[in-house]
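Residue numbers (this note's numbering): 11 to 433. Before any comments, here is the structure.
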Ligand SMILES: NC(=O)c1ccc[n+]([C@@H]2O[C@H](COP(=O)([O-])OP(=O)(O)OC[C@H]3O[C@@H](n4cnc5c(N)ncnc54)[C@H](O)[C@@H]3O)[C@@H](O)[C@H]2O)c1
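Structural data, given as structure tokens:
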């Protein structure tokens with residue numbers, strides 16, 4: 011049995027442990043499901059909620075979305091999934107549609123856990139309602155698309171109750187090979203870290219056409235390419251690599267310079283399709299990061315390299331995860347994929363080194379709910395989001411931006427229209 015088969019086989023054992031522990035401190039009876047409400051029934055939301063149901067004791071009982079077609083597709087999907095797991099269809103009373111759906115879901119007494127998988131612009135507003143409800147929360151990254159939202163999220167973080175668990179969707183940290191190499195790096199395996207490089211080279215997602223949609227609806231449906239709704243590619247997607255860097259170094263960047271632009275993409279939106287950022291971390295450690303997001307070639311290459319006095323570490327999404335030098339080490343199962351040979355997954359369900367990232371992230375979160383100790387990952391989520399905003403501001407303004415400059419600037423993006431038209 012290789013390591014991957016072992017990890018796969020471990021899933022039943024792990025969920026058994028979870029159920030045994032679940033009788034305890036947080037009021038869930040042994041074998042009773044955590045009642046899961048999904049806010050944002052799109053690509054990622056559906057994938058994560060499905061994975062929760064398949065990997066943990068959580069069961070989807072409620073759905074919320076701005077748009078009726080998305081809600082209907084979600085109901086169809088989760089009714090089938092629940093049936094396959096011996097459960098019930100979703101009660102029509104627990105289907106919430108429209109601009110106030112997030113508040114109705116938060117107000118429901120039939121839900122224990124809210125998963126926020128709406129476009130990034132709405133995360134902090136939805137997080138505020140979910141935290142105020144006292145329910146557990148799984149919030150997708152980024153925690154905020156601008157400085158004002160990020161600072162608001164820090165206030166929300168202070169209101170999280172001692173019985174509430176709140177996770178942010180940085181599942182890469184939970185991928186077994188990445189968790190293993192991070193532990194070694196944090197333990198000093200590289201000696202003094204001198205410099206870091208990283209990249210995120212991905213294809214463009216297809217523009218979603220909606221004949222007859224108003225300009226506002228079209229923006230919402232294609233939020234990925236809209237700066238205000240997504241935060242741009244550095245804040246929305248590249249954030250995973252910048253988060254890994256912050257986490258492994260144990261700090262956020264102090265300043266950044268950057269370039270980039272929209273050199274190839276011609277379709278809807280105002281997001282850039284490439285960034286080149288030089289982040290400076292404490293100790294004058296530079297992290298040079300480059301990203302591209304265009305084209306139809308599905309080849310995907312993302313990862314991080316850290317160079318230290320005693321050795322270097324390679325942390326790709328696909329390809330060998332290893333440390334060379336004085337403390338040489340390699341994750342045994344990742345040699346099969348060639349470096350840079352990954353396949354892009356718009357819903358975040360990556361294979362290769364990330365194959366078990368979602369599953370292990372969700373199990374750890376569920377264990378925090380059923381057995382404790384609870385999580386509150388909002389501040390860490392904000393720190394990484396702000397790190398990305400630092401690079402974005404340096405790029406847009408073509409100047410060096412410090413952490414203090416960024417916070418003092420207090421940037422704020424506006425939607426420019428009301429969601430009430432979708433009531
Ligand atoms: N962690 C990862 O690897 C990963 C991967 C992909 C996406 N994401 C994140 O997941 C989130 C969702 O991305 P997606 O690809 O599923 O997008 P999507 O467009 O497929 O789904 C978004 C859903 O939210 C709904 N929605 C939009 N505005 C809403 C509102 N105000 N209230 C309620 N519902 C609303 C939409 O109708 C849609 O059903 C984003 O924040 C994205 O950054 C994370």
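We put the beta carbon where it would ideally sit given N, CA and C, even for glycine. Quantities reported herein were computed from a predicted structural model and do not represent experimental measurements.
Should residue i and residue j be called a contact, given that it needs their Cβ atoms to be closer than 8 Å?
i	j	result
residue 244	residue 207	no
residue 143	residue 117	yes
residue 91	residue 63	yes
residue 133	residue 154	yes
residue 318	residue 201	yes
residue 122	residue 45	yes
residue 187	residue 331	yes
residue 78	residue 113	no
residue 451	residue 104	Coverage of the chain is limited to positions 11 through 433, which leaves residue 451 absent and any answer about it impossible.
residue 327	residue 401	no
residue 313	residue 337	no
residue 176	residue 386	yes
residue 135	residue 58	no
residue 196	residue 293	no
residue 354	residue 212	yes
residue 151	residue 178	yes
residue 141	residue 204	no
residue 184	residue 367	yes
residue 127	residue 48	yes
residue 405	residue 269	yes
residue 129	residue 239	yes
residue 149	residue 252	no
residue 43	residue 69	yes
residue 233	residue 281	no
residue 277	residue 227	no
residue 309	residue 410	no
Return the bridge partner residues of residue i from the DSSP annotation.
i	result
residue 286	269, 300
residue 46	70, 123
residue 326	313
residue 212	303
residue 75	107
residue 149	126, 178
residue 157	Note: residue 157 sits in no beta bridge, so no partner.
residue 339	333
residue 291	295
residue 321	335
residue 353	309
Could you pull the start and end residues of the alpha helix (DSSP H) that residue i belongs to?
i	result
residue 402	388 to 407
residue 84	78 to 94
residue 335	From DSSP, residue 335 is part of no alpha helix (DSSP H) but of the beta strand (DSSP E) over 332 to 335.
residue 136	133 to 142
residue 368	367 to 380
residue 58	53 to 65
residue 414	413 to 419
residue 100	Looking at the DSSP string, residue 100 is not in any alpha helix (DSSP H), and its letter there is neither H nor E.
residue 362	No alpha helix (DSSP H) holds residue 362; DSSP gives it neither H nor E.
residue 242	242 to 246
What span of residues does the beta strand (DSSP E) with residue i cover, start to end?
i	result
residue 255	Counting along the chain, residue 255 falls outside any beta strand (DSSP E), though it belongs to the alpha helix (DSSP H) covering 249 to 259.
residue 106	105 to 107
Got a sec: does ligand 3 put a non-hydrogen atom nearer than 7 Å to the Cβ of residue i?
i	result
residue 151	As for ligand 3, it is missing from this structure, which binds only ligand 1.
Unbroken stretches of the alpha helix (DSSP H), 4 residues or longer, contained in the stretch 168 to 231
Counting only runs of 4 or more, we get 186 to 196, 225 to 231.
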